[in-house]
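Listed in order, the protein sequences are those of chains D and A. First residue of the first sequence: 1, per my numbering; consecutive thereafter. First residue of the second sequence: 302, per my numbering; consecutive thereafter. In this text, a Cβ means the ideal position worked out from N, Cα and C, and glycines have one as well. This one's a predicted model, so the numbers in the text were calculated from it and none came from an experiment.
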Amino acid sequence: MQMLANLETTRERAAKVLSMNRRNLHYIYTRNERKHFPLADDKLLAKETLVPAGVRMPETYRVYSYFYELQNLEQDLEPFHDFVIKPAQGSGGNGIIVIAGRKGRDWRGISGKIYTLFDLQKHITDIIYGVYSHDLGDRAVIESRIVQHPVMAELSPLGLADVRVIMCDDVPVMAMTRIPTRQSEGKANLHQGAIGVAIDIATGVTTNARFLGEPTERHPDSAIPLIGRAIPYWPEIVELAKRAAKAVPLKYLGVDISVSPDGPQLLEINVRPGLEIQNVNGRGMLPILQEITVREAGKDE
Amino acid sequence: MASENSGSTRRLAYVMVLAIMVLLPIGVAAYKLYVLDYPLAGLIPAPSYKIEVSMQVDGHGEDIDIHTYLPKTDSRQTVDNEQNSSGAFTSEIKADHLNREASWRAENVRGQQNVLYAYSVRARHVRFNIPAELAIPDTYPATLASYLVAEPGIQKDDPEIAGAVQRIVPAEKPTILDAVTRIHRHLQDNMANRNFSGFTDALTALRLGEASCNGKSRLFVAMLRKLNIPARLVGGLVMQQGSKRTSHQWVEVYINGHWVPFDTINDHFAEIPANYLTLYYGDQVLFKHTANVNFQYFFKISKQLMTQPDAQSALSQSMLNVTNFYAFFERVGISQNLLTILLMLPLGALVTVVFRNVIGLETFGTFLPALIASAARDTGLLWGMVGFLSIIIVSAVVRRGLDWMQLLHSPKMAIMLTTVVIVMMAITVGGVQLGLFELAHMTLFPIAILAITAERVALMESEQGGMKVAQITFMTLIVIAACYAVMESLFMQSLILAFPELLLVVIALNLWLGKWIGIRVMEFLRFRRLILAGAK
Numbered sequence: 001m002q003m004l005a006n007l008e009t010t011r012e013r014a015a016k017v018l019s020m021n022r023r024n025l026h027y028i029y030t031r032n033e034r035k036h037f038p039l040a041d042d043k044l045l046a047k048e049t050l051v052p053a054g055v056r057m058p059e060t061y062r063v064y065s066y067f068y069e070l071q072n073l074e075q076d077l078e079p080f081h082d083f084v085i086k087p088a089q090g091s092g093g094n095g096i097i098v099i100a101g102r103k104g105r106d107w108r109g110i111s112g113k114i115y116t117l118f119d120l121q122k123h124i125t126d127i128i129y130g131v132y133s134h135d136l137g138d139r140a141v142i143e144s145r146i147v148q149h150p151v152m153a154e155l156s157p158l159g160l161a162d163v164r165v166i167m168c169d170d171v172p173v174m175a176m177t178r179i180p181t182r183q184s185e186g187k188a189n190l191h192q193g194a195i196g197v198a199i200d201i202a203t204g205v206t207t208n209a210r211f212l213g214e215p216t217e218r219h220p221d222s223a224i225p226l227i228g229r230a231i232p233y234w235p236e237i238v239e240l241a242k243r244a245a246k247a248v249p250l251k252y253l254g255v256d257i258s259v260s261p262d263g264p265q266l267l268e269i270n271v272r273p274g275l276e277i278q279n280v281n282g283r284g285m286l287p288i289l290q291e292i293t294v295r296e297a298g299k300d301e
Numbered sequence: 302m303a304s305e306n307s308g309s310t311r312r313l314a315y316v317m318v319l320a321i322m323v324l325l326p327i328g329v330a331a332y333k334l335y336v337l338d339y340p341l342a343g344l345i346p347a348p349s350y351k352i353e354v355s356m357q358v359d360g361h362g363e364d365i366d367i368h369t370y371l372p373k374t375d376s377r378q379t380v381d382n383e384q385n386s387s388g389a390f391t392s393e394i395k396a397d398h399l400n401r402e403a404s405w406r407a408e409n410v411r412g413q414q415n416v417l418y419a420y421s422v423r424a425r426h427v428r429f430n431i432p433a434e435l436a437i438p439d440t441y442p443a444t445l446a447s448y449l450v451a452e453p454g455i456q457k458d459d460p461e462i463a464g465a466v467q468r469i470v471p472a473e474k475p476t477i478l479d480a481v482t483r484i485h486r487h488l489q490d491n492m493a494n495r496n497f498s499g500f501t502d503a504l505t506a507l508r509l510g511e512a513s514c515n516g517k518s519r520l521f522v523a524m525l526r527k528l529n530i531p532a533r534l535v536g537g538l539v540m541q542q543g544s545k546r547t548s549h550q551w552v553e554v555y556i557n558g559h560w561v562p563f564d565t566i567n568d569h570f571a572e573i574p575a576n577y578l579t580l581y582y583g584d585q586v587l588f589k590h591t592a593n594v595n596f597q598y599f600f601k602i603s604k605q606l607m608t609q610p611d612a613q614s615a616l617s618q619s620m621l622n623v624t625n626f627y628a629f630f631e632r633v634g635i636s637q638n639l640l641t642i643l644l645m646l647p648l649g650a651l652v653t654v655v656f657r658n659v660i661g662l663e664t665f666g667t668f669l670p671a672l673i674a675s676a677a678r679d680t681g682l683l684w685g686m687v688g689f690l691s692i693i694i695v696s697a698v699v700r701r702g703l704d705w706m707q708l709l710h711s712p713k714m715a716i717m718l719t720t721v722v723i724v725m726m727a728i729t730v731g732g733v734q735l736g737l738f739e740l741a742h743m744t745l746f747p748i749a750i751l752a753i754t755a756e757r758v759a760l761m762e763s764e765q766g767g768m769k770v771a772q773i774t775f776m777t778l779i780v781i782a783a784c785y786a787v788m789e790s791l792f793m794q795s796l797i798l799a800f801p802e803l804l805l806v807v808i809a810l811n812l813w814l815g816k817w818i819g820i821r822v823m824e825f826l827r828f829r830r831l832i833l834a835g836a837k
């Protein structure tokens, strides 16, 4: 009898989990037309659409599309103290170099690593060649570096944390912040060992945290408590996510936001947001999605 | 709402296409079974033998020649998939209306050398009924004259043989059935079988009263020729799993326009079993070679099951058969083998889809496991997987080296592919040299596939790291094995070759899987804490 009851509970619980097949078929394919994918996959295209719609994003300093443009790289970078080099179509935080300042003729990364002019040229060349994108060629973007809000810097001392909000039909579904660790080598990527910390959408307070698939309550490197923390600028973050979602014709999105001392900035939008956020939040998100879609359908009639 | 309408139109189209994909092939298959009377027995795989003739010589600087006979395809036996691996030797095959003789030649041969020749054989059991009243004809067409004369080992005109024939067949004018029955029974029952390999002529066999296959067969031929019945020696192989050095000889007698087989060692009267392979006709020596080269040989025989393409071709004769299209492929010389590979690919892709979308394993691409599995068709699963793994390892190692040298991306990829091609070529050449036909089959087809693999692996490794690549490689290997099991299943092959319309059912299954939104097996594991009651 107990086993049967367990089985029934299991069935009910399984029905709450958004599976990969259902996400693809019922949310991504029906809400995100493939022709609009480049808006999300290409960060420069995203900026062109989102910034005019009032979405704050890091400032673009330079864009490199061709090799010959690299001849004057040193002069081009002269005016900027710190900056980020990233592939316009990169994913998973790969191919990003964050420069914190100069060291003699070279540049100093945030981790203290030294980059020569040749290193930067080589990296940008790799980006242009498409090493970090699934496409054949890509563009390299030089943009302003985001400095973290002190609260975020305390939670995430080893790199830039981002806030991921899943948006369905312009309504926030679930949220978490992703905190880089030593394990993730400074990247905010859960699969590479970043911590996922669930955020209650109503209050902006963290509720759960997971590191490498296991529940945790503290940062594994700094031992800072991660649960029950209030994310700064939370109402603004939700507002920014909504504004970004409304500005694009993509209706199932992962919106990635970082928090600087003067407010949130949008990093990128993702048309195939992962499912791990359910594990981070400790619950399936299908009921929330279904409630949103029913509500939306009701509005239309 | 417009999207609502397009949604329901889409759903209707989906259901209709799905229905067509299920009903159409069922209809066509039923039509073939009931109207065209398709023989279901054709779906059962037939036994086939793989024969490897291995020959070895020791050279001391001389020129060496080796000759042997190779089987021909005729109404009883089908010979195909012939492969020659002869190292330093050049080979030549000459055929006349009876025999096919292969020769290998090399100059200044030093040391031990191997020649390997392999082929596959399917043969039928055949039995003749000899009409009882059939008389021995007085005359025959001129073409049969050579089957009636005396030969060095077949002394049909010797008085002792003439006397024996008189005693065994005393009738003045015997029928053919009477003559062959009496002679066959005499050789079978009154003469002991001796198992020695030397040459025994007809007269010696008669005098000894015992003989091996070649002595008995010569005596059989001599006695029949004495009675003015054309007869000839047949040399061949009794195909049994394993290695053997002994060949076999039996007899064919020209009766009423047919060459009818007899074997007085194993008592086959007017019949020949399915495991007899005919290699040559006439009083020949199976192996001829340059003297004093320590010639060694053996036959390696392995039994395997194969699909029966004949059943399908029988169907193609029917004027009613609108579904037959194999004739078109045959006309342009596309082999059954290639066709099978092509037809099984969708099944392999379906298997991959199940593994990816229902079980939740990640693989390199959707087609790749099926393509690798079909590439492994000639090499066997083990060598196919070894090839796949070696490509992944080689490309990973090469990529690391090139990364360290700091090269640009595209030239790096080009170097990697070049390395992969060189490695595959080396494996092929090595396989031929070692006589490992399985390895030698790493042909261009798999090279193209594996080259694609190499680029994918390199990209994935730089994007997601070596661990991820190792995981996906492992999962891909599992899926390759599953694809191989399905695609190489003889039953599935027979089924698809006989009913290619079943490919539409494969589409139907994919249509269904394409709308399946269930939780993948791997997702149960991933979200076990959310799903399983009591789990933390």
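Item	Value
Distance, Lys-122 of chain D Cα to Thr-116 of chain D Cα	10 Å
Integer-rounded CB distance, given that Ser-349 of chain A should sit under 8 Å from Ser-421 of chain A	6 Å
Lys-816 of chain A, DSSP secondary structure in three states	coil
Contact residues within the region 25-51 of chain D, judged by C-beta distance below 9 Å to chain A	Leu-25, His-26 and Thr-30
Met-620 of chain A versus Gln-605 of chain A: straight-line alpha-carbon distance, rounded	Its pLDDT being 48, under 50, Met-620 of chain A is placed unreliably in this model, and the coordinates cannot settle the point.
Contact belief for Ile-87 of chain D with Tyr-132 of chain D at Cβ below 8 Å, rounded distance in angstroms	Here residue 87 of chain D is Pro; the residue named in the question, Ile, does not match the sequence. Indeed they touch by this definition, with Cβ atoms about 4 Å apart.
Three-way DSSP call (helix, strand, coil) for Ser-404 of chain A in this model	strand
Coarse secondary structure for Val-623 of chain A, derived from DSSP in three states	The predicted position of Val-623 of chain A is uncertain, since its pLDDT is 44 and thus under 50; no value can be drawn from it.
Proximity to Gly-661 of chain A [Cα-Cα], best of A:Arg-821, A:Ala-472, A:Pro-475 and A:Thr-476	A:Arg-821
Residues near Val-358 of chain A by beta carbon distance below 6 Å, same chain, minus five either side	Ile-365, Gln-414, Val-594 and Phe-596
Beta bridge counterpart(s) of Tyr-61 of chain D as assigned by DSSP	Per DSSP, none; premise fails for Tyr-61 of chain D.
CA-to-CA distance, Ile-462 of chain A to Gln-456 of chain A, given in whole angstroms	8 Å
Where Tyr-582 of chain A falls: helix, strand or coil (DSSP)	strand
6 Å Cβ shell around His-16 of chain D - same chain, five flanking residues per side excluded	In the sequence on display, residue 16 of chain D carries Lys and not His. Here the set comprises Gly-284, Leu-286 and Pro-287.
Inter-residue CB distance, Val-466 of chain A and Met-524 of chain A (contact presumed, cutoff 8 Å)	5 Å
The region 763-772 of chain A in contact with the region 651-658 of chain A per 3-pair CB rule at 8 Å	no
Assigned exposure category for Lys-527 of chain A - 16 Cβ within 10 Å defines buried	buried
Sequence-distant residues of its chain with Cβ nearer than 6 Å to Ala-575 of chain A (five each side left out)	Ala-424, Arg-425 and His-426
Residues bridged to His-549 of chain A (per DSSP)	A:Gly-537
Rounded C-alpha distance that separates Thr-49 of chain D from Arg-272 of chain D	19 Å
Close beta carbons around Asp-338 of chain A, own chain, < 8 Å, minus the five adjacent residues each side	none
Proximal residues to Asn-208 of chain D (C-beta, below 8 Å), its chain only, five neighbours per side dropped	Val-197, Ala-198, Pro-215, Ile-227, Val-280, Asn-281 and Gly-282
Beta-carbon gap between Ile-114 of chain D and Val-98 of chain D smaller than 8 Å	no
Contacting positions in the region 199-211 of chain D - beta carbon closer than 8 Å to chain A	none
Supposed close pair Ile-602 of chain A, Asn-529 of chain A - CB separation, criterion 8 Å	Not really, about 38 Å apart at Cβ, beyond 8 Å.
Chain D residues whose Cβ lies nearer than 8 Å to that of Leu-831 of chain A	Arg-13, Lys-16, Val-17, Gln-278, Asn-279, Gly-282, Arg-283 and Gly-284
Beta carbon of Glu-824 of chain A nearer than 8 Å to that of Ser-19 of chain D	yes
Stretch pair the region 261-272 of chain D + the region 38-56 of chain D: three plus CB contacts closer than 8 Å	yes
Val-780 of chain A and Pro-647 of chain A closer than 8 Å at C-beta	no
Residues, ordered as in the chain, of the region 54-69 of chain D that lie near chain A by beta-carbon distance below 8 Å	none
Ordered list of alpha helix (DSSP H) runs contained in the region 439-499 of chain A, each at least 4 residues	460-469 and 477-486
Whole-number beta carbon distance between Asp-169 of chain D and Ile-85 of chain D, since they are thought to touch under 8 Å	With 8 Å as the limit, Ile-85 of chain D and Asp-169 of chain D do not qualify as a contact, their Cβ atoms being about 35 Å apart.
Collapsed DSSP secondary structure at Lys-837 of chain A in the structure displayed	Reliability of the predicted coordinates at Lys-837 of chain A is poor, the pLDDT of 44 falling under 50, and the value obtained from them is presented with this limitation in mind. In this structure, Lys-837 of chain A counts as coil in the three-state DSSP scheme.
Partner residues on chain D for Glu-663 of chain A, Cβ-Cβ distance less than 7 Å	None at all; the shortest Cβ gap to chain D is about 11 Å.
Below-8 Å beta-carbon distance, Lys-604 of chain A vs any chain D residue	no
DSSP beta-bridge partners of Ile-779 of chain A	According to DSSP, Ile-779 of chain A bridges with nothing at all.
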